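The structure appears below as structure tokens.
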Amino acid sequence: MVKKVSKDNLFKFVESTVMKPLDSMEDSAKEFPDLKKTSVLAGIVALAMMVFNLFATMLSSMFVRSCDFWTGTCKTKFVLSELKNLDYLGLIFKNFLAYALIIFGLAAIYYIGSLILKKTLKYYKSLVIATLAIIPFAILNILVAPILGIVYGPLETFVSMFGTIYSISILFLAMKEEMKLQDSNKAVLYNAVVLTVSYIIVYYIVIQNILG
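Going by my numbering, the sequence shown opens with residue 58, and the numbers climb by one from there.
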């Protein structure tokens, strides 16, 4: 599946994941039946997120936006020389490590949570769901939003908000279905706790220590 996705069917795979995420979950669960194959998929997505971030950072460094507080007008200048000031090693290695930890860590927290609730959720399935759910976030928040922000600042906020909500919604529904959580109230609380714990860990480990 990894070979087919990377060479022949990448666009269709991404389109299906973004436009029909829950259907894509079912297909991918069959195509990635063990931790080894699922880990490769997660690694590829983390690598893509790093590339998106690198491209967006390079683009935003070349297009410097300045706004006048009193008039409310903004101007964008093209400054190619800013590219030499970027920390490319940090952008590549630190961001890849950060994104990989987020994906694998999120899957691990959901898996641990399922054990507490005494539900059957295999880690590789949790990893499949976390990996596919983060793809819309990766495309919209890391790649598309910064590019649109160069054109019109508020667009970056709107697109980022949509990407975040969309990925969280996919994560919530897919995990609820996989764990067969019939009690919607318990499902909402479970996801809220997991995402809060994930955010705290990401903030203190990834943002403060790896990216900080």
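Where a beta carbon is used, it is the ideal one built from N, C-alpha and C, also for glycine.
Predicted model, so just to flag it, every value in this text is computed and none were measured.
Simplified DSSP state of residue i, which is helix, strand or coil
i           : result
residue 136 : coil
residue 58  : Its pLDDT being 44, under 50, residue 58 is placed unreliably in this model, and the value from its coordinates should be taken loosely. DSSP places residue 58 in coil when its eight states are reduced to three.
residue 149 : helix
Sequence-distant residues of its chain with Cβ nearer than 8 Å to residue i (five each side left out)
i           : result
residue 73  : 80, 81 and 84
residue 170 : 247, 250 and 251
Span of the alpha helix (DSSP H), counted from its first residue to its last, around residue i
i           : result
residue 89  : Per DSSP, residue 89 belongs to no alpha helix (DSSP H) and is neither H nor E.
residue 262 : Neither: residue 262 is in no alpha helix (DSSP H) and is coded neither H nor E.
residue 242 : 241-258
Same chain only: Cβ atoms within 7 Å of residue i, ignoring 5 sequence neighbours per side
i           : result
residue 189 : 74, 78, 81, 82 and 85
residue 231 : 79, 82, 186 and 190
Contacts around residue i, its chain only, beta-carbon distance under 6 Å, and the 5 residues preceding and following it disregarded
i           : result
residue 110 : 152 and 199
Given 8 Å, three or more beta-carbon pairs between the stretch 186-203 and the stretch 214-226 | yes
Taking three-plus beta-carbon pairs below 8 Å as touching, is the stretch 96-109 in contact with the stretch 235-249?
-> no
Would you mind listing the alpha helix (DSSP H) stretches within the stretch 173-214 that are 4+ residues and don't spill past its ends, in chain order?
-> 180-194 and 202-208
Validate contact between the stretch 169-184 and the stretch 85-96 using beta carbons, cut 8 Å, 3 pairs = yes
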